[in-house]
Amino acid sequence: MDMPHRKLAPGRLVIASHNEGKVREIRALLASFGVEPVSAAALGLPEPPETGTSFVANAELKAMAAADLSGLPALADDSGLVVEALGGDPGIFSARWAGPDKDFGLAMRLVHERLIAEGPEAGRDAHFVCALSLAWPDGHVESFEGRVDGLLAWPPRGIHGFGYDPVFQPLGHTITFGEMDPDAKHAMSHRADAFAKLVAAVF
Ligand code: IMP
């Protein structure tokens with residue numbers, strides 16, 4: 002039998018991310034639940050190295066480190082692009098494929114070149130994954146995973162979004178996330194899917 006989820010009480014919640022964009026997005030998503038988001042950066046918390054081998058493992062280690070150091074519940078996310086024909090790459094290394102300059106033009110080109118190297122039979126199926134983990138100072142952790150399926154496009158199209166958005170065409174659509182109105186992307190994204198699961202379980 003599944004264990005019941007622990008509920009999150011109203012009050013302060015650390016957002017264990019140093020990415021201001023993510024903190025803003027999470028703040029908006031949690032606004033109606035009586036949660037007071039505090040960023041890890043505002044508390045001066047360090048970013049632990051992402052040594053996990055899965056999205057959930059990385060989200061859990063970030064959330065647990067922040068909860069332990071702050072004495073407050075903490076929420077962390079880890080996300081990336083998974084390409085079926087590349088054995089799941091770039092996966093948990095999605096940010097790293099952009100190199101030290103965070104050059105996603107380079108990262109998208111690398112994905113394309115690796116697919117070409119796989120030969121003409123290589124499929125273009127891909128999905129984005131988002132893992133969200135909520136940890137408490139006593140070590141309890143709840144994790145949720147969301148995904149959105151799609152196809153890789155080449156060349157990149159569109160100016161919206163970030164990261165790999167210009168090469169990701171969600172299933173059932175003829176435009177990429179980069180061409181899509183941001184509200185439309187946010188309604189169907191891997192992050193929205195993971196958040197819906199978290200909200201249903203912990204509030
Ligand atoms: P994280 O900050 O370690 O979770 O890295 C996530 C990386 O995955 C980002 O730097 C992006 O490259 C990629 N990624 C995650 N979500 C999206 C998305 O919604 N659109 C485009 N790229 C994404």
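With the first letter of the sequence shown counted as 1, position 156 gets the number 157 in the numbering used here; the numbers rise by one all the way through.
By construction, the Cβ of each residue, glycine as well, lies at the ideal position given by its N, Cα and C atoms.
Rounded to the nearest whole angstrom, the C-alpha separation of Glu114 and Gly147 is 27 Å.
Selection Ala66, Leu82, Glu48 evaluated against Gly92 yields Leu82 as nearest (Cα-Cα). Counted as a single uninterrupted DSSP element, the beta strand (DSSP E) harbouring Leu76 occupies residues 75 to 84. Ordered by chain, the residues meeting the criterion of a beta-carbon within less than 5 Å of a non-hydrogen atom of the ligand IMP are Asp79, Ser80, Gly81, Ser95, Ala96, Gly164, Tyr165, Asp166.
Fewer than three pairs of CB atoms, one per stretch, sit closer than 8 Å, so the region 104 to 119 makes no contact with the region 55 to 62. Under the DSSP assignment, Leu87 falls outside any alpha helix (DSSP H); it carries neither an H nor an E label.
By the Cβ neighbour-count rule, Lys8 is exposed, with fewer than 16 other Cβ atoms within 10 Å of its own.
The DSSP-derived three-state label of Leu153 is strand. Spanning the alpha carbons of Trp98 and Gly35 requires a straight line of approximately 37 Å. Each residue's CA atom was taken as its position, placing Leu172 and Leu152 some 7 Å apart. Ser18 and Ala118 have their C-alpha atoms some 35 Å from each other.
Where Gly106 is concerned, the enclosing alpha helix (DSSP H) starts and stops at 105 to 118.
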